[in-house]
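>
Next comes the structure, spelled out in structure tokens:
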């Protein structure tokens with residue numbers, strides 16, 4: 001499907017079973033709540049006592065923005081670290097290390113999350129690495145291995161861009177499993193089909209361990225619309241035996257929390273309990289699948 005998939009020459013290398021797990025949230029279709037899901041998922045893990053790193057791989061930087069970090073203001077971010085990890089691009093290297101870039105946030109008393117922010121330069125990543133001889137698909141994977149990030153975190157949550165380019169391939173080659181948020185409509189369904197095709201291409205190439213399908217997350221679900229129920233039912237039939245999580249309805253609590261750049265776990269009021277429970281059930285299922 002992609003030319004850069006055919007250039008891989010490295011041997012297959014899996015992930016250590018006792019190391020931290022890497023979860024990506026992906027869909028080629030934008031506007032499906034992917035970043036919202038990633039943000040709250042990370043907080044759910046953190047509230048269960050896990051050491052969490054959020055990795056923003058979307059040049060738009062919305063994941064970073066939820067932590068109050070604007071991509072346009074960042075002079076040091078994940079793009080620079082990825083370029084620094086490539087020996088062939090030494091003339092472009094900058095004098096920074098992951099600890100210079102990673103930001104820590106205490107989201108609530110005793111609960112903290114680390115962030116590796118995105119930046120606008122990430123949009124030129126594919127062009128920057130176009131001429132290197134080493135496998136371009138494995139840059140992110142090798143960066144994570146080089147700095148041993150798996151041993152430093154229990155969970156790494158990656159928010160990917162709504163595209164099908166090299167950034168997405170790098171994410172899929174680096175992660176252990178993928179969650180697929182979607183809005184139950186035909187456009188989002190096509191986005192799912194496209195991203196699943198990329199996973200299939202990676203599997204066929206045998207360049208690394210293929211990430212597990214951790215399940216599908218119906219989002220922005222309008223229970224008042226009969227058509228929404230019909231669409232979800234039809235999409236379920238196309239998803240095979242993979243887990244389809246309980247739909248997230250378009251609740252006002254999501255809007256309230258996002259407007260304040262907070263997760264649903266930052267609220268103690270009863271109106272947020274259902275959402276908190278829903279995310280907790282999801283991470284329990286995800287954890288079980290990742291360790292199976």
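Numbering (the numbering used here), first residue to last: 1 to 292.
By construction, the Cβ of each residue, glycine as well, lies at the ideal position given by its N, Cα and C atoms.
Any contact of the segment 149 to 157 with the segment 44 to 55, i.e. 3+ C-beta pairs under 8 Å?
Verdict: yes, contact present.
> Beta carbon of residue 181, beta carbon of residue 232: below 7 Å?
Within the chain shown, the letter at position 181 stands for residue 181. Within the chain shown, the letter at position 232 stands for residue 232. Not a contact, by the Cβ cut-off of 7 Å.
> Tell me which residues share the same chain as residue 293 and place their Cβ nearer than 6 Å to its Cβ, disregarding the 5 neighbours each side in the sequence.
Past the edges of the chain, shown from 1 to 292, lies residue 293, and the structure says nothing about it.
> Using the C-alpha atoms, what's the distance from residue 49 back to residue 154?
Here residue 154 refers to the residue found at position 154 of the chain shown. Here residue 49 refers to the residue found at position 49 of the chain shown. If you take the alpha carbons of residue 154 and residue 49, they lie about 9 Å apart.
> Apart from the five residues on each side of it in sequence, which residues of its chain come closer than 6 Å, Cβ to Cβ, to residue 141?
The sequence position of residue 141 within the chain shown is 141, counting from 1. Excluding sequence neighbours, residue 141 sits near 173, 174.
> Answer yes or no: do residue 221 and residue 249 have a C-beta to C-beta separation smaller than 7 Å?
Within the chain shown, the letter at position 221 stands for residue 221. Within the chain shown, the letter at position 249 stands for residue 249. Taking 7 Å as the Cβ cut-off, residue 221 and residue 249 qualify as a contacting pair.
> What are the boundary residues of the alpha helix (DSSP H) that includes residue 107?
Counting from one through the chain shown, the residue named residue 107 turns up at place 107. Premise fails: residue 107 lies in the beta strand (DSSP E), 103 to 108, not in any alpha helix (DSSP H).
> With DSSP as the reference, label residue 67 as helix, strand or coil.
Counting from 1 along the chain shown, the entry for residue 67 is found at position 67. Note: residue 67 maps to coil in three-state DSSP.
> So, for residue 194: in the same chain, excluding its five sequence neighbours on each side, which residues have a beta-carbon less than 8 Å away from its beta-carbon?
Stepping through the chain shown from its first residue, residue 194 is reached at position 194. So the qualifying residues of the chain are 28, 164.
> Would you check if there are 3 or more beta carbon pairs closer than 8 Å linking the segment 274 to 292 to the segment 30 to 45?
Yes, the segment 274 to 292 touches the segment 30 to 45.
> List the endpoints of the continuous alpha helix (DSSP H) containing residue 169.
On the chain shown, position 169 is the one that residue 169 refers to. From DSSP, the alpha helix (DSSP H) with residue 169 extends over 166 to 174.
> Start and end of the alpha helix (DSSP H) containing residue 279?
For the purposes of this step, residue 279 is identified with residue 279 of the chain shown, where counting begins at 1. That run of the alpha helix (DSSP H) goes 273 to 290.
> Please name the residue or residues paired with residue 216 in a DSSP beta bridge.
The residue you call residue 216 lines up with position 216 of the chain shown. Per DSSP, 180, 244.
> Spatial neighbours of residue 298 within its chain, please: CB distance less than 6 Å, with the 5 preceding and 5 following residues excluded, ordered by chain position.
Since the first residue of the chain shown is 1 and the last is 292, residue 298 is not available in this structure.
> Look up residue 252 in the DSSP assignment and say whether it is helix, strand or coil.
Within the chain shown, numbered from 1, the residue matching residue 252 stands at position 252. Correct three-state label for residue 252: helix.
> Going by Cα to Cα distance, which pick from 76, 270, 106, 104 is closest to residue 93?
Taking the chain shown and counting its residues from 1, the one referred to as residue 93 is at position 93. The residue with the shortest Cα to Cα distance from residue 93 is 76.
> When the Cα atoms are used, what is the spatial distance from residue 211 to residue 129?
Taking the chain shown and counting its residues from 1, one reaches residue 211 at position 211. Taking the chain shown and counting its residues from 1, one reaches residue 129 at position 129. Their backbone Cα atoms lie some 23 Å apart in a straight line.
> Taking the C-alpha atoms as reference points, what is the distance between residue 79 and residue 186?
Residue numbering aside, residue 79 sits at position 79 when the chain shown is read from its first letter. Residue numbering aside, residue 186 sits at position 186 when the chain shown is read from its first letter. One C-alpha to the other measures close to 33 Å.
> Can you give me the start and stop residues for the alpha helix (DSSP H) that residue 83 sits inside?
Here residue 83 refers to the residue found at position 83 when the chain shown is read from its first residue. 78 to 84 is the extent of the alpha helix (DSSP H) around residue 83.
> Would you call the CB atoms of residue 217 and residue 44 closer than 7 Å?
On the chain shown, position 217 is the one that residue 217 refers to. On the chain shown, position 44 is the one that residue 44 refers to. Against a cut-off of 7 Å, the Cβ pair of residue 44 and residue 217 comes out as no contact.
> Taking 7 Å as the cut-off, decide whether the C-beta atoms of residue 157 and residue 23 are in contact.
Position 157 of the chain shown, counted from the start, is the residue given in the question as residue 157. Position 23 of the chain shown, counted from the start, is the residue given in the question as residue 23. Their beta carbons are under 7 Å apart, which means residue 157 touches residue 23 by this criterion.
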